[in-house]
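Q:
Residue numbers (this note's numbering): 630 to 1551.
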């Protein structure tokens, strides 16, 4: 796959042991044909087919076993192109995607992926998974303050269950259920931490080992999975330290977010703000609060921390955005006043499908090194994506936790702790155990170790963002300190923002010599930062919506001998004044050791100083992990001061390799000083892309425009990608946006006709570049086909032949169409007389159409002959031909029956069942 780094987890591993793992209950079992397409030379690989309902063609993939409900999106791709996000069936195995006008021959290299890992095929066995035994990073020195230690506050706990709320785009109301753990009142007014879980199964059948569903509300005999109770240990730690905590349930969103274009981010934000509004009301009118809230200390809504796990992370990020920059009213499920202030967010193994972080709200992002769900660790964009957007004073920290998986941060997703079926989300082939993440490996954490480490770093964020205790900052900002409460976890951090200034960024026109300026996402391996064939992946280069992106760059250094400097020269000199050190974010290949550089800077007067040397060891990694992750390396600026450099005008940065050979990537470099500045959100414009649905009409050409709302204040820049509906390629342009303007103007011409076709989506995707925020990042204009589906018939052409001749039926439509028509036909058992056998037909034909062989001889209807016939655009029919064989055996007339079927291989109730007869040759 080009454009996204593919993590090489085998299909066997991804679907490992799913016969005993939780998956959605099978409400409807689909027929499994051996051949899922129309011809023997079909462009569709095994497991795929094209069918349709009501005239809408769909690309269908059926997994060999149920795909567990998770947070990463299941996506259909062809090569480096995203086809779309398919709709899951309730059986957990079948996924469907509307095709539009895409032809089968336009679908080479079909793939099913989730966060960069393949679901539909085994990994390339030629890729080494790394060393047999992974090396643990060295233990960092202990920090002076350990936030993982319990505090002295007595606590109270309990739940509340309010009337459900309706959210835009969702048919079923969403629950308002939560669990509170807080200091026991009276204890003054205390900061509030709100937890939001991610996407998980919603219901389970008590007493079963694997009977779970994604329904809401739960069916009779099933109970809700209490995902919101999975953070009780985190809540208890925070409550003992003086924080009011509430963890909210979002099962109603999880059951319905597959139909939301933003995967439920806006709905989750609405739910968070609905709860915050209730807390604001209870603070003002305490007698109206639930009992547990009345028993607890009062909540200080001016100091709010939002904690989100997985899709919950993207949800609380959107809630922080919506609290500062209101979303379009029609899309929002909360329209009341904002009576709270979000001081920070903690994002645990988060998704960020929109790559739209909130730059002026501080954040900590936990990246689990063995995440088997959001395995590309796309949450790194909550750090990288904030550069240059807002004021730059908010600290954005990435916390890489070696050996942690996705699920074990939530005890209700952890086997042995959860009331419902649960699993380890990181699975590998038992015959090729992963050296880093297989349970029992030296680098893999147990569930207890992982949850304790997670709670410690959540508490660190609360202490820094809510209590203003700068003593915990070294645990989060790349200073290389550890919290002993998190032992034995190995945790590494880097950050942007805070008291960093300057900023050597590869983007924005910087000149690079002695190295290569590479692109995070590009289909050309010579341009991309990581070759697509490289085992493993990088969180910094996680895929977005397009196969090529502008403005996401790094500096790629590769050397076979020491001494050749790489120089980065920004367009204008930078100021490192008031900085103590230069902080570089550098990634080196996993499992490498001793990569060493000298670091030098030059000012505008060409005075040059070598600041010192830095050494980096690669993270433990394998072909299954996203371990190409940047570490923060610092050198003092004192040498530059002694050399008389003007640190107000530094014009270039040099990295000179001192190790014999190697490779590294520079993400950026900043002037660094300790401390945390005051954070004030900038007044920014906000962009939201809508969707308009129109009918094509019968004639003429009409021009429509993709709906885009620009709100907020001030002006900023965004990059707009216009996606071609046929090729999937994109063109982009930089646009300056202001509230109320129509700066993003994308016209779409629609030609009317009277020929049956498919719906076509003309989409755009938008990403903030400078001084702007983006809410709903993708939308467009959908042109609906308004012409009737043609009538399909099956009729005999030659249905009584002599052996050695060909039985033939004609599949016809009553009018040509603009798209492929796919219709399944099934061979049924005969009801009287002798039936043709597998040895009565051409063996090559049998192999091509059913994947079967003649032996042992059996009735033809037992050979899995359910085939999909294709009538190409502009044609009115296609033949289904069955070549028979002449033999020397005298036998009576033999026959076969064929019928049109639905997508489940059931004969159409009003369709004829046709019989073909083969006579013995005289």
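No residue lacks a Cβ here, since even glycine has one placed at the ideal position from N, Cα and C.
Provide the residue(s) that pair with residue 789 in DSSP beta bridges, ordered along the chain.
A: 807
Q: Secondary structure at residue 1132, three-state DSSP: helix, strand or coil?
A: strand
Q: List in chain order: all unbroken beta strand (DSSP E) runs of 3+ residues lying wholly within the stretch 984-1038.
A: 992-997, 1025-1030
Q: Taking 8 Å as the threshold, find out whether the stretch 1352-1359 comes into contact with the stretch 1297-1305 through three or more Cβ pairs.
A: no
Q: For residue 958, I'd like the list of residues in its chain whose CB is within less than 7 Å of its CB, leaving aside the five on either flank, ordered along the chain.
A: 964
Q: Taking the alpha helix (DSSP H) that residue 907 falls in, what are its first and last residues?
A: Start and end: 894-913.
Q: Where DSSP assigns a beta bridge to residue 1087, which residues make up the other side?
A: Answer is none; residue 1087 lacks a bridge partner.
Q: From residue 945 to residue 971, what does the alpha carbon distance come to, in whole angstroms?
A: 10 Å
Q: Quick one: what does DSSP say residue 1491 is sitting in, helix, strand or coil?
A: helix
Q: With residue 840 as the anchor, note down where its beta strand (DSSP E) starts and where it stops.
A: 840-842
Q: Beta strand (DSSP E) containing residue 1281: first to last residue?
A: 1279-1286
Q: Going by DSSP, name the residue or residues bridged to residue 1048.
A: DSSP lists no partner for residue 1048.
Q: Work out the CA separation of residue 990 and residue 1098 for me, nearest whole Å.
A: 17 Å
Q: With H, G and I counted as helix, E and B as strand and the rest as coil, what does DSSP make of residue 1169?
A: helix
Q: Here's the rule I'm using: 16 or more other beta-carbon atoms within 10 Å means buried, otherwise exposed. How should residue 1557 be labelled?
A: Only positions 630 to 1551 of the chain appear in the structure, and residue 1557 is not among them; the question remains open.
Q: Going by C-alpha distance, which of 895, 1229, 1073 is nearest residue 1001?
A: 1073
Q: Determine the direct distance from the alpha carbon of residue 1071 to that of residue 1564, and round the result to whole angstroms.
A: Any answer about residue 1564 is impossible in this case: the structure gives the chain only from 630 up to 1551.
Q: Pick out whichever of 1509, 931, 808, 867 has its Cα sitting closest to the Cα of residue 879.
A: For residue 879, the closest alpha carbon among the candidates 1509, 931, 808, 867 is that of 808.
Q: Based on the DSSP secondary-structure assignment, which residues constitute the bridge partners of residue 1242?
A: DSSP lists 1227 as partners of residue 1242.
Q: Leaving out five residues on either side along the sequence, give the residues of the same chain with a beta carbon under 6 Å from the beta carbon of residue 1063.
A: 1057, 1251, 1253
Q: Identify, in the order they occur along the chain, each residue of the same chain with its Cβ nearer than 6 Å to the Cβ of residue 1014, setting aside the five sequence neighbours on each side.
A: 984, 986
Q: Alpha carbon to alpha carbon, what distance is there between residue 826 and residue 1242?
A: 43 Å
Q: Determine the contact status of residue 925 and residue 1096, defining contact as a CB-CB distance below 8 Å.
A: no
Q: Measuring alpha carbon to alpha carbon, tell me which of 1141, 846, 713, 789 ends up nearest residue 888.
A: 713
Q: For the stretch 1509-1520 against the stretch 1470-1486, do three or more pairs of beta-carbon atoms, one drawn from each stretch, fall closer than 8 Å, so that the two count as touching?
A: yes
Q: Go ahead and pull the three-state DSSP assignment for residue 1270.
A: helix
Q: In angstroms, rounded to a whole number, what distance separates the CA positions of residue 1368 and residue 1016?
A: 22 Å
Q: So, for residue 1341: in the same chain, excluding its five sequence neighbours on each side, which residues have a beta-carbon less than 6 Å away from its beta-carbon?
A: 954, 1313, 1314, 1315, 1368
Q: Quick check on the DSSP output: the alpha helix (DSSP H) that includes residue 1473 runs from which residue to which?
A: 1472-1479
Q: Taking residue 1107 as the reference, which of 1534, 1309, 1025 has the closest Cα?
A: 1025
Q: Of the choices 1217, 1216, 1196, whose alpha-carbon is the least far from that of residue 1237?
A: 1196
Q: For residue 1453 and residue 1518, which I take to be in contact (beta-carbon distance under 8 Å), what is that distance rounded to the nearest angstrom?
A: Not confirmed; about 33 Å, so no contact.
Q: Measure how close the beta-carbons of residue 1174 and residue 1148 come, nearest whole angstrom, since I'm counting them as under 8 Å.
A: Wrong, their Cβ atoms sit about 15 Å apart, outside the cutoff.
Q: Could you give the first and the last residue of the continuous beta strand (DSSP E) run that contains residue 942?
A: Note, residue 942: premise wrong, no beta strand (DSSP E); alpha helix (DSSP H) at 940-953.
Q: Mapping the DSSP letters down to three states, classify residue 1508 as helix, strand or coil.
A: strand
Q: Residue 1378 to residue 1279, Cα distance in whole Å?
A: If you draw a straight line from the Cα of residue 1378 to the Cα of residue 1279, it is about 50 Å long.
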